[in-house]
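Going line by line, the protein sequences match chains Z and B. Be aware that the first sequence starts at 0, since it is given in numbering that gives the first Met the number 0, and climbs by one per residue. Be aware that the second sequence starts at 0, since it is given in numbering that gives the first Met the number 0, and climbs by one per residue. All C-beta atoms, glycine included, are put in the ideal place defined by N, C-alpha and C. Structure first, then comments.
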Amino acid sequence: MATRIPVLKTYKLFIGGKFPRSESARYYQIKGPKGKLIANAARGSRKDIRDAVRSAREAWKPWADRSAYNRGQILYRIAEILEERRSVFVDEICAVTRSGRAAATTEVAKSVDRLIWYAGWADKYMQLFSTVNPVASPYWNFSYPDSTGVVGIVAPEEKSLLGLISKIAPAMASGNTCVVIASESAPLSSITFAEVLAASDVPSGVVNIITGFKAELTEPLARHMDVNAIDYSGRDEATIKALQEAGALNVKRVIIRRDPHGESWLDDSRAQSPYWISELTETKTAWHPVGV
Amino acid sequence: MMHVTVDQVGVEERARKLSTRSIKTSSKREGIKLIISMIDLTTLEGKDSPGKIRAMCQKAIRPLPGNADVPSVAAVCVYPNLIREAKRCLAGTNIKIASVATGFPSGQYPLDIKLADVRDAVTMGADEIDMVIDRGAFLAGKYRKVADEIAKVKEACGPAHLKVILETAELETFDNIRKASWIAMESGADFIKTSTGKLKEAATLPITLVMLEALRDYWYETGKVIGMKPAGGIRTSKDALRYLVLVKETVGDTWLTPDLFRFGASTLTNDLLMQLAKEMTGNYQAAEYFTID
Chain Z
0 MATRIPVLKT
10 YKLFIGGKFP
20 RSESARYYQI
30 KGPKGKLIAN
40 AARGSRKDIR
50 DAVRSAREAW
60 KPWADRSAYN
70 RGQILYRIAE
80 ILEERRSVFV
90 DEICAVTRSG
100 RAAATTEVAK
110 SVDRLIWYAG
120 WADKYMQLFS
130 TVNPVASPYW
140 NFSYPDSTGV
150 VGIVAPEEKS
160 LLGLISKIAP
170 AMASGNTCVV
180 IASESAPLSS
190 ITFAEVLAAS
200 DVPSGVVNII
210 TGFKAELTEP
220 LARHMDVNAI
230 DYSGRDEATI
240 KALQEAGALN
250 VKRVIIRRDP
260 HGESWLDDSR
270 AQSPYWISEL
280 TETKTAWHPV
290 GV
Chain B
0 MMHVTVDQVG
10 VEERARKLST
20 RSIKTSSKRE
30 GIKLIISMID
40 LTTLEGKDSP
50 GKIRAMCQKA
60 IRPLPGNADV
70 PSVAAVCVYP
80 NLIREAKRCL
90 AGTNIKIASV
100 ATGFPSGQYP
110 LDIKLADVRD
120 AVTMGADEID
130 MVIDRGAFLA
140 GKYRKVADEI
150 AKVKEACGPA
160 HLKVILETAE
170 LETFDNIRKA
180 SWIAMESGAD
190 FIKTSTGKLK
200 EAATLPITLV
210 MLEALRDYWY
220 ETGKVIGMKP
230 AGGIRTSKDA
240 LRYLVLVKET
250 VGDTWLTPDL
260 FRFGASTLTN
270 DLLMQLAKEM
280 TGNYQAAEYF
290 TID
């Protein structure tokens, strides 16, 4: 019997619920720790960023208009599907990074748990961060947090799955949509995670994932006038400075996280927080006449 | 030349081929500015109010405030009741006022009402009249009735320009579109226009190509120069630039002027402005920084 030729997966981008190749038709090679070619990943361009932001903008209103409870359900659903496909991610992480099997298994399990954690927060953060304000006139005065809009996320290089999920989940919980630049050195699990998203009730365009070179992708994302916040994890000071400058163009929220880093992504006390949700919201204040 | 049959496959293929050209940087900037100068900025809704017309007229005069380099649009297009408001807002500018008339958008009214509609609009200050043809009569083969109506409306227009809306989506075939174009041109149209914008199917490149070829043949035959206005469904700069290519390749540079080519559009304007701002600043733009109408 002839030996079977294995069928390899083409890793593409995730934009508007679809898996297109890069508009630029470019790709780059992803190699394992010993230099073995694992796969080709799409090398996204600024026009892919543009398309992704357009999808995210379209998806924002309906996503933000869903009930908080429903967003929580959907985050939970992502966790369910991810749980079922754990072994796929473990294999992929082992192939691409220096993680051993045990470490990869821990990372994937923690990713599922983190999604569940934020699923619970979706309908609770608003109570926690809302206030009733004292005012010197006959009004009830409320302030409450609401999603800011399209969030540009630059995912950390290390812990390519857990780091990505730890950034996406708090952004989604409040009703933001996001455009994510995945880990450049280990982008494969982010695209496989996109397949999980596509299979778990997440509306098209709520999460868009671009793989490629961060050096050419972060700038158009940070300078895009239709992006409301930039959320960066990493320690590249030149990039941080560039993001802060570009963010000033339309007064984006610019969130820079030098920590958690490396193994501390596994540390719940450092890598998950309801404040990560509130940092990607806008405070809205309503005046309501008393006695009406 | 009226009865030449249209090669549907050929038209579609040619329109598709002509839409593959890549227009970038300085050509794109100039193209976008030309398109802006060709726009009939349109609002034709039941809820139109004088306030909306005032806002739209400001936009017509200065599409991109703070940038004198961007031209005014060619005309504003409104319902007859709002002509006076538009007239007030546009006094002292070169922007024309176009009004729909003749029982827009259906055209299913008695002729005397249609003519009164036109005369009223002209009296109130319309420079251009966008009339609709009686598609029911056309499809029933009553071409004489259609032609007579257009001729009478032209007479009622007096000095005003006449644009004849064929509502191509209801004419079913390219042959009908060509025939209707020809009837309109022979009966006195200054412009032929694709659609009312009230149907889901509106202007497309192949339809525009058929009409441009009709007016080119009419020009060859009679020496008369007729204008063209695709309307409805053109929402992006990329799309609009493709129309310019189509015009250049079909009838030549002569037609690349607001006097002979117009875009009937509303949402297109913001996309043009966003693309222009992108070309000027290098940053992708957000809709929220541009006025709604």
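In this structure, THR210 (chain Z) keeps its C-beta atom at 8 Å or more from the C-beta atom of GLU91 (chain Z). Separation of ALA230 (chain B) and LEU165 (chain B) (C-alpha to C-alpha, rounded to the nearest whole angstrom) is 11 Å. Within the DSSP secondary-structure output, VAL10 (chain B) pairs in no beta bridge. Residue state for SER44 (chain Z) is assigned as coil, using DSSP reduced to three classes.
Within chain B, the residues GLY281, ASN282 and TYR283 have their CB atoms less than 8 Å from the CB of ARG222 (chain Z), given in chain order. Counting C-beta pairs with one atom in each stretch, the region 133-142 of chain Z and the region 22-41 of chain Z have fewer than three that are closer than 8 Å, which means they do not touch.
The region 19-64 of chain Z contains, as complete beta strand (DSSP E) runs of 3+ residues, the segments 26-30 and 36-41 (chain order). Among the residues facing chain B, ASP47 (chain Z) is not included, as its CB has no counterpart in that chain under 8 Å away. In this structure, the straight-line span from the alpha carbon of THR268 (chain B) to that of LYS166 (chain Z) is close to 37 Å. In chain order, TYR283, GLN284, ALA285, ALA286 and GLU287 make up the part of chain B whose C-beta sits under 8 Å from the C-beta of ASP225 (chain Z). One thing to note: SER173 (chain Z) has its Cβ within 8 Å of the Cβ of ILE276 (chain Z). With a contact defined as Cβ atoms closer than 8 Å, LYS192 (chain B) and GLY263 (chain B) qualify at about 7 Å.
Rounded to the nearest angstrom, the gap between the Cα atoms of LEU33 (chain B) and SER71 (chain B) is 10 Å.
Within the region 13-35 of chain Z, no residue places its CB atom closer than 8 Å to a CB of chain B.
Proximity of chain B to VAL52 (chain Z) at the Cβ level (cut-off 8 Å) is accounted for by TYR283, in chain order.
Residue range 187-197 is occupied by the alpha helix (DSSP H) that includes PHE192 (chain Z). Between VAL145 (chain B) and ILE182 (chain B) a beta carbon distance of about 6 Å is seen, short of the 8 Å cut, so the two are scored as contacting. Separation of GLU156 (chain Z) and GLY233 (chain Z) (C-alpha to C-alpha, rounded to the nearest whole angstrom) is 7 Å. Flagged as an interface residue toward chain B: LEU248 (chain Z), by a C-beta distance shorter than 8 Å. In the DSSP annotation of this structure, the continuous segment of the alpha helix (DSSP H) that includes TRP120 (chain Z) starts and ends at 100-120. Between the alpha carbons of ILE22 (chain B) and LEU63 (chain B) lies a gap of roughly 22 Å. The three-state secondary structure of ILE180 (chain Z), taken from DSSP, is strand. By the Cβ rule, the region 75-86 of chain Z counts as touching the region 100-112 of chain Z, because three or more pairs are nearer than 8 Å.
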